[in-house]
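Read in the numbering used here, the sequence shown has 942 at position 55, and its numbers run on one by one without any break.
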Amino acid sequence: MAHRQLCRHGEEPALDGPGRRRDRRVALRATDQPNDPRARLCGRDGDPSEACPQGVAPASGRRGVRGCRALPVRRHGGLRVLRRPGCGLVNFVLERQETPIRRHDAGRTLVRLTTGAWAFAATTTVAQETATDVFKEHISPVVQDQCIDCHVDGGSSGNTRLVFVTSGDDDHETVNQQVFVDFLADVDDGANLILDKISARVSHGGGEQVAADSTDYGHFERFFDLLDPEESTDLIPDDNLRSAVAAALGKEPGEEITAEDLAGLETLWGWSRGIEDLTGLEAATGLTTLYLSNNRIVDLSPLAGLTALTVLYVSSNYIVELSPLRGLANLSYLNASYNREIVSIADLGGLAELAYLRLNGTSIRDFSPLAEMTALETLTLWNAGVSDPGVLPVLNELRELDLGYNGITDLTGLSGFTGLRRLAVYGNDITDLGPLTSLTEMRVLVLSGNPVGDLTPLSQLDALVDLSLDGTGVADLSPLASLTGLGVLQIEGNELVDLTGLSGLEGLTHLYMDHNRVSDLGPLADLRALSHLYADWNRISDLTPLADVTSLEHLRLVRNEISNLAPLSKLRPEELFLNWNEIEDVEPLSGMDSLTELDLTGNLIADISPLAGLAELTWLYLDDNQIEQIDAVSHLRTLETLNLNRNPITDLSPLSGVSSLRHLYLGYCRASEIGGLSNLRLYTLMLDGNDIEDISPLVNMTSLTTLYLRRNRISDISALSALTRLSELSLSGGDNGVADISVLSALVSLRGLGLGGNAVSDISTLQELPDLFWLNLRGNEVTDISALAAHEVIYWLDVYGNPLDETSVQVHIPALRDRGVYVSF
């Protein structure tokens, strides 16, 4: 599904089609090949347990994070992490939810800073109800008002166990609470005895003082519960942890979990489950792998005896102390990143088997304990306040070091790390690369986002196979000429004009050079190993230098000045992206029989007949051209995604036989008849901005999950009744005139519904849509929105321009807003 953003100005999300290359590029980098150098450029190393709490990502350019396996939208302890296209150095943003996380035992609130970073607010005590609180606020007033006349020294009950002092005594509340404590300690079932007496269930000289159904009676019950809480017999008191354990054991929710069960557990997946308390895991003595990232954990004490543990993820929690881990002698992998309160790693010094340590986003003050970790091979400390690498002890076995986003200006402290194979220092303020000349074993070097300028020192690093120089201000690439082993080079966002220096890099396979000012590709002409060339947003018009680079498999030349494709005719790429150029003739592409993805959006193409022979195509974008006839598409029998938006097409019949199609975009064409689509098994169909009146051909498209019919001439939607898999449907705008929406009651999977600018008055049927998340009713005839008032899921609602009644305006809309629903009216 395409990325969307809910508009706050009267229109629902725009559907742009799945798989646009700009969105898929992250997926391309999400390689599962552990030896692929591209997979290890992100500071998170593709670790899905980690958010980006500083709102940053280590690669520049529009591509964003390579090696990132994070989902586009993920939750991290009450925060939403959204992938945002654009600036590659800031590829994630954090959005605070309506209610910040509150941890009773941590007493801290997580907030978003103006920079987009997250942090704990200044330490505050979070209200946690105690027996003393209840006593002072509720019980003490009753004692003084109802009991003190008798239960006081010299009173009629002054010789009983319950003798109080009056409010004239400065510490009367403390004294009187202790009276209750002592009574409960000395008298069996003392709490029930008091409750029975004050409610007159048993003989009591004062009669009924507190009615059994009163609020005060409830306060007494709560007070006694807090004084003498029942002991839980459950081995795992945290519901969320219990749920994770049950899943790992293959048990049903609520099924008993025994100590024997826990002892047999070897792997536990507890990511992002809201876990707070690890009590019970003490019994899981067989655990070797434990994933607990993105929870609300403060105390790791229950893990202290789990000596079989080899892999532990506890990133993005509220951990302060790592001391419980000191005895885990077999631990080889530890990720404790984004626990900002961690200031000491002294207790990790004795972990002789620890080979991989991630402490990103922590506040460690003393790194000397690292010297004891003689097996350490990988250390990541990005955004950890390491402004001077000299504070790190030299570790002879260390092979990978990540120090991104630490404010580093001088690399001198790293000159002794001669065993390093990979160094990442992206997003710092480094200008001098001289100290790196001693690191002759270096294979991967990430310098993106530093104003380095002069690359001369790199000429001595002849073992380099992967070099990242995005956003470094580099203008002269000639120092790279000697790096003949270089396989991957990233030079995006540098305003480079001249590629001289690359002509001899015969081993280069991947070149990423988006967002420069290059017009001459001549230096690439002899790079016969080049398989990936990304040169978007340059000034390229002549493709002749690529004519013999037949090794190219992935070629991107988006937003250049290309009109002539003839030089590419001998190439056989798998993916070709030439959108937003000046292309008219696509004949040179006719022999590219290996193409699976082709994007020609935004050109001047009218004739697509040369594409008819591209039998392997699965993904074709031709939107924003001048195409009228689409007969060629009928031959593309493996095509799954086709975008023809904004072309003057009237005849859709050639699509009728393309049974492989799953996603089809025909927005803003000139179609009025859609009968040719009736037999397609589509998941997504975009028909916005056409001249369609009759949608009966859709009646059998029961696989549809997304359907957009905005700005047409539709009034009868009865054909939609069988499309029960629909999750998004829009009929907004244009000349649509839908009045009766009762048919929608069957579409129980709907999450988004656009009905803006129609003639709807009765929306009672919408209360039968349990998952409805966004709803556009702008400009209809609705008076009563009571059907939405109790809807538990709806989050975004536009009812602007409707003649709403007073109850809707004065009662329902405020109630919805109080629940956090965005309402426009």
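Idealized CB from N, CA, C, for every residue including glycine.
In this text, all values refer to a predicted model and were calculated from it rather than measured experimentally.
| Asked | Found |
| --- | --- |
| Alpha-carbon spacing of Val1185 relative to Asn1222, whole angstroms | 15 angstroms |
| Pair within 8 angstroms by beta-carbon distance, Leu1455 and Leu1485 | no |
| Straight-line Cα distance separating Ser1180 from Val1312 | 25 angstroms |
| Alpha-carbon spacing of Gly897 relative to Leu1640, whole angstroms | Summary for Gly897: the model assigns pLDDT 46, below 50, so the residue's position carries little reliability, and this model does not support an answer. |
| Entirely enclosed alpha helix (DSSP H) segments - the region 1042 to 1082, minimum 4 residues | 1059 to 1073 |
| Unbroken stretches of the alpha helix (DSSP H), 4 residues or longer, contained in the region 1433 to 1471 | none |
| Nearest neighbour of Ala1496, chosen from Val1473, Gln1513 and Asn1689 [CA to CA] | The sequence given here has Ser at residue 1496, not Ala. The residue with the shortest Cα to Cα distance from Ser1496 is Val1473. |
| Where Asp1319 sits in the DSSP three-state scheme | coil |
| Limits of the unbroken beta strand (DSSP E) element including Glu1147 | No beta strand (DSSP E) contains Glu1147, which is instead part of the alpha helix (DSSP H) from Ala1146 to Ala1150. |
| Exposure of Leu1491, with buried meaning 16 or more beta-carbon neighbours within 10 Å | exposed |
| Alpha-carbon spacing of Ile1700 relative to Gly1621, whole angstroms | 27 angstroms |
| Inter-residue spacing [alpha-carbon to alpha-carbon] between Ser1547 and Leu1458 | 26 angstroms |
| Of the residues Gly1643, Val1068, Val1520 and Ser1231, the one placed nearest Ser1543, counting alpha carbons only | Val1520 |
| Continuous beta strand (DSSP E) stretch holding Arg1598: start and end | Where Arg1598 is concerned, there is no enclosing beta strand (DSSP E), given that its DSSP letter is neither H nor E. |
| Run of the alpha helix (DSSP H) containing Val1696, from where it starts to where it stops | No alpha helix (DSSP H) contains Val1696, which DSSP labels as neither H nor E. |
| Secondary structure of Val1029, DSSP reduced to three states | helix |
| Spatial distance of Leu1574 from Leu1637 (CA atoms) | 18 angstroms |
| Straight-line Cα distance separating Leu1155 from Ile1251 | 28 angstroms |
| Span of the alpha helix (DSSP H) around Asp1112 | Thr1102 to Leu1114 |
| Whole-angstrom distance between Leu1613 and Leu1691, CA atom to CA atom | 28 angstroms |
| Residue burial classification, Ala1305 (beta-carbon count within 10 angstroms, cutoff 16) | Note that residue 1305 is Thr in the sequence shown, not Ala. Counting Cβ neighbours within 10 Å, Thr1305 comes out exposed, since fewer than 16 surround it. |
| Exposed unless 16 or more other CB atoms sit within 10 angstroms - verdict on Val1625 | buried |
| Same chain, Cβ closer than 8 angstroms to Glu1393, neighbours up to 5 away in sequence not counted | Thr1371, Asp1413, Leu1414, Arg1415 and Ala1416 |
| Simplified DSSP assignment, three categories, for Thr1593 | strand |
| Beta-carbon contacts of Arg1597 that lie in its chain and below 6 angstroms, excluding the five residues immediately before and after | Asp1575, Ser1617, Ser1619 and Gly1620 |
| Local Cβ density within 10 Å of Asp1518, reported as buried at 16 or more and exposed below that | exposed |
| Nearest neighbour of Ile1672, chosen from Val1686, Asn1182, Glu1469 and Leu1113 [CA to CA] | Val1686 |
| Residues bridged to His1742 (per DSSP) | As displayed, the chain neither begins before 888 nor continues past 1712, which places residue 1742 out of reach and without an answer. |
| Assigned secondary structure, Val1686 (DSSP; H/G/I helix, E/B strand, else coil) | coil |
| Buried versus exposed call for Glu1139 [16 or more other C-beta atoms within 10 Å across all chains shown] | exposed |
| Pick from Val1230, Glu1208, Leu1244 and Asn1182 that is closest to Val1198, judged by C-alpha positions | Leu1244 |
| Strand pairing of Asn1222, partner residues [DSSP] | Tyr1200 and Arg1245 |
| Cβ pair Ile1601, Glu1615 closer than 8 angstroms | no |
| Extent of the continuous alpha helix (DSSP H) to which Ser1675 belongs | It is Leu, not Ser, that sits at residue 1675 in the sequence shown. Residues Ser1673 to Ala1676. |
| Runs of beta strand (DSSP E) lying entirely within the region 1548 to 1626, each at least 3 residues, in chain order | 1550 to 1552, 1571 to 1573, 1593 to 1595 and 1615 to 1617 |
| Euclidean distance between Cα positions of Val1696 and Leu1675 | 13 angstroms |
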